[in-house]
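All remarks here apply to the structure that follows.
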Amino acid sequence: MARFTSFLVFLAILSWGSALVNRPDFASDILFLEKQEEPSLDKRDDVPAGFVASPYYPTPKGGWSPSWSASYAKAHLVVANMTLAEKVNLTTGTGLLMGRCIGNTGSALRFGIPSLCLQDSALGIAATDNITAFPAGITVGATWNKALAYARGAAIGAEARGKGVNIQLGPAVGPLGRKPRGGRNWEGFGADPVLQSWGGVETIKGIQDMGVIATIKHFIANEQEAYRMDIPPHGLMKALSSNLDDRTLHELYAWPFADGIRAGVGAVMTAYNDVNGSASSQNSKMMNGILKDEMGFQGLIMSDWLAQIGGVSSALAGLDMAMPGDGSVPLFGVAYWGYELSTAVLNGTVPLERLNDMVTRIVATWYQLGQDVESFPEPNFSANTADASGPCYPGALFSPTCVVNEYVNVQANHASVAREVAREAITVLKNDNKTLPLLSTSVLRVFGTDAQKNPDGINSCNQRSCNKGTLGMGWGSGTANYPYMDDPLTALKLKAANVTYYDTDSFPSGITAATGDIAMVFVSSDSGENQYTVEGNDGDRKSDGLQLWHKGDDLIKAAAAKYATVIVVVHTVGPVLVEAWVDLPSVKAVVFAHLPGQEAGNSLTDVLFGDYSPSGHLPYSIPKAESDYPASVSLMGFQFFQVQDTFSEGLYIDYRYLNKHSIAPRYAFGHGLSYTTFSKTSATVTAGKAMTSAPPTRAPKGPAPTYSEAIPSPAEVAWPTGFDRIWRYLYPYLDNPQDITSTKAFTYPVGYQTTPQPDPVAGGDQGGNPALWDVMFTISVKVTNTGTVAGKEVVMVYVQYPTDNPWDTPIIQLRAFEKTATLAARASATLTLEITRRDLSIWDVVSQNWIIPVSSSKPFLFWIGNSTAGLTLACESLSKTCSDGRTPPVV
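Residues -19 to -1, 1 to 872 (mature numbering (1 follows the signal peptide of the UniProt record, and there is no 0)) are what the sequence shown spells out, left to right.
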């Protein structure tokens, strides 16, 4: 989400907006632009042949899923009695900086529905105080611990509720991590749809169990930050187009969204980019066809901030909520919806049926999460200022003053959750000669500015848009303010008596290394959102690539030339290249601490000094060279009119690509060392549901709410008598609504229709056909701690398709994983992992269904291990036998 908080930009927009809004013909110009230019937005330049965003109309109604029926029934009673103004009010944001939260809707106070507060981020409550700065999503992914993902989600949800947030803008499961340099990969959970799904699902459950609406984002295929947005005025340069085929869409990028919808997520946020040439905020195939029809999504779809590029077009394509409400440029007091949506309904351009579904989805979601209770607090903070009082509406030129911050502390015991996540994510990649764990008597010489907190102040850089001090999170809207930073240097000094720190990223001259000294080198690699450029990196890792920042490679090599024992600690948003130093004889240990949030110090020393055995595993592969990846996953540069980002590698990203081309990574997907050892024995596989090629036929949709389709009285959107307007606040009201007539036929998008589409065969309920989650095989494996210290182990199951499978499929694909509890030395535990119908299916683009390539003579193989490089135990689907010592199918 892009936020425009720079004071200079703010002043410029105010002055520009003032000049325009005072023009008498300004409002009519905006209406003209919307109605005349909107259809041309469907004309996209240079999208490669075969990548088509086919039209899908009308928008399927919500309310037919049994698990939402009670909430929709309550919403129906309310919406049936709403005025047009009340309906429009709930669908449209009040405008940028027009409320306490990052996003604020209008209200329907007659029915007890307040202005809804929408707030970032995916790792905490953004832009406020007395909260917890949790580890980032990529750190959660590195734990491979579903229970911890849930605990973190529940803690975020509790803090959101305590602050009065109705809709939390997380988790992020898009981007998936297709591009290793992608700027916001760190907000998600890893470069695999199954790992990403579980991170998203458990986070959603945690947030929503606290009564807060979770938002799964960004739909879909937003794998690069640069060129992600339209440059206004629309048509100067269009947002990057992510061009991907139907099978790749389903099997990779939509997979975690389907799981999130199945988990009951209340909101979906669209992306900035186009998909196959159609803007995400008005892409009818993606919103109407995939989300609402095939996946049976019952909640609301919102735009990312300022991603909406048309009014009628976005409404017809399935958008339900416009955020933050402004038109193409904020703070003008103009919108694509708001008063324009009132106009479009009155003149018949937008069917009242569509508006009714929009607002019903919003109200039903509010009921579904139980927010109609009196105990749900109103917002008690401001995302715009840290002062106790200030403008109620900072985006207005003149605003009344309010108490805007009540400084409510919502941290509870959440620091312990954050520390546990950060600790369990720590991934030891190398540990020669058992250099780790350290002793309290170890003599430590610490190098690198990443070892200590930012000397300018832990929150000195807006939305963490700098790389100074310990890197606990990337930058952008996915951040939260640190209440404190438990930095590694401070924690090291509490653990070891002899610690010397060199506050520099250049190796100091004149150092003499004594026998037994251990050099610890702290290095980092950062990225973030595109509205900031940090050290030449425009969100994506454009300048530094996959190299360490601040010449970290040179610092490590210099330390390795001086000291016999070097430990490298890396805080990073994703994979970094380590070839320049990882094989140096002095580099004995390499530790990836990922992005630990506020608990960077003690979580690290807990592992470094052996209080806990490391149990983190990589949520991505680390290649030996960036050229080991396909060229198609490189960052896209400037192109006239529209950047075309074609996903020509299809299903082959990360380990899938490396395996296909027999490229051995430096560290495999899932790699991670422990201080103990584990065995996996007594594996069994048991068949579940009978395996048929196609799933059972889906059930038809149930009934959805219906309303009168009579166009409401214009008086419903007339300004109330004596109404005190806030300048530039977005309202649903019109000056002369009685004068609204349909004087000219509107040019509807190509393919627009009002007749409902046939039920998709792959649909049937939230997430898709419920039979997709039928358990086809259950795998059981005994894990024994064969070492001398307590520890945890991860068991992963990768599926290999039958050798006579007619479809092109990756050699192996992660399909299930579980993590043990802490096992004492010599203790054992049995883990059970389930393989579903969808886990064995491919997406058939012809039948538009999930199909299992059933074979009578060739089995599926279920490879069991703790990384893609450690697979020797396998079970067969036909014989139901398991055996160890097999030759793995990948390098």
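For glycine and all other residues, C-beta sits at the position ideal for the given N, C-alpha and C.
Residue i to residue j span [Cα, whole Å]
i           : j           : result
residue 416 : residue 542 : 18 Å
residue 657 : residue 749 : 42 Å
residue 90  : residue 59  : 11 Å
residue 292 : residue 100 : 23 Å
residue 187 : residue 578 : 19 Å
residue 79  : residue 374 : 4 Å
residue 585 : residue 406 : 10 Å
residue 237 : residue 704 : 46 Å
residue 800 : residue 806 : 16 Å
residue 843 : residue 849 : 12 Å
residue 769 : residue 396 : 30 Å
residue 434 : residue 176 : 31 Å
residue 147 : residue 441 : 28 Å
residue 475 : residue 573 : 21 Å
residue 211 : residue 298 : 18 Å
residue 326 : residue 333 : 6 Å
residue 6   : residue 308 : Note that residue 6 scores 28 on pLDDT, short of 50, meaning its location in the model is unreliable; the coordinates nonetheless yield the value given after this. Residue 6 and residue 308: Cα-Cα distance of roughly 16 Å.
residue 103 : residue 117 : 8 Å
residue 744 : residue 413 : 52 Å
residue 128 : residue 159 : 26 Å
For residue j and residue i, believed in contact at Cβ under 8 Å, the rounded distance
i           : j           : result
residue 402 : residue 115 : 7 Å
residue 296 : residue 249 : Contact doesn't hold; Cβ gap of about 16 Å is too wide.
residue 532 : residue 561 : Not a contact, Cβ separation roughly 11 Å.
residue 336 : residue 247 : Residue 336 to residue 247, Cβ: 20 Å. No contact.
residue 785 : residue 861 : That pair is no contact at about 19 Å.
residue 528 : residue 558 : 6 Å
residue 124 : residue 597 : 6 Å
residue 86  : residue 150 : Between residue 150 and residue 86 the Cβ distance is about 13 Å, and since that is not below 8 Å, they are no contact.
residue 828 : residue 329 : At roughly 38 Å, the Cβ-Cβ gap does not stay under 8 Å, so residue 828 and residue 329 are not in contact.
Close Cβ partners of residue i (< 8 Å) along its chain, the five nearest in sequence each way excluded
i           : result
residue 112 : 105, 106, 140, 144, 391, 392, 461, 462 and 464
residue 36  : 265, 266, 730, 731, 732 and 733
residue 232 : 174, 632, 823 and 824
residue 681 : 740
residue 613 : 627, 628, 629 and 630
residue 764 : 659, 660, 661, 774, 776, 801, 804, 809, 810, 811 and 812
residue 837 : none
Status (buried if at least 16 other CB within 10 Å, exposed otherwise) for residue i
i           : result
residue 418 : buried
residue 234 : buried
residue 119 : buried
residue 61  : exposed
residue 15  : Note that residue 15 has pLDDT 33, beneath the 50 cutoff, so the model's placement of it is unreliable and the number below is only indicative. The residue in question, residue 15, is buried, as its Cβ has 16 or more Cβ neighbours within 10 Å.
residue 46  : buried
residue 82  : buried
residue 816 : buried
residue 772 : buried
residue 56  : buried
residue 383 : exposed
residue 436 : exposed
residue 347 : buried
residue 388 : exposed
residue 719 : exposed
residue 496 : exposed
residue 199 : buried
residue 619 : exposed
Beta bridge counterpart(s) of residue i as assigned by DSSP
i           : result
residue 231 : None, per the DSSP bridge assignment.
residue 84  : 99
residue 515 : 518
residue 816 : 758
residue 552 : 505
residue 831 : 824
residue 809 : 765
residue 222 : 255 and 625
Cutoff 7 Å; reference residue i; Cβ partners in own chain excluding five residues on either side
i           : result
residue 819 : 753, 754 and 831
residue 156 : 163, 165, 166, 169, 203 and 204
Cβ neighbours of residue i in the same chain (closer than 6 Å, five flanking residues each side left out)
i           : result
residue 855 : 842, 844 and 867
residue 138 : 187, 188, 191 and 193
residue 923 : No information on residue 923 is available, as it lies outside the stretch -19 to 872 that the chain covers here.
Check: residue i C-beta below 7 Å from any heavy atom of the ligand MG
i           : result
residue 803 : Ligands are entirely absent from the displayed structure, and the ligand MG is therefore not among its contents.
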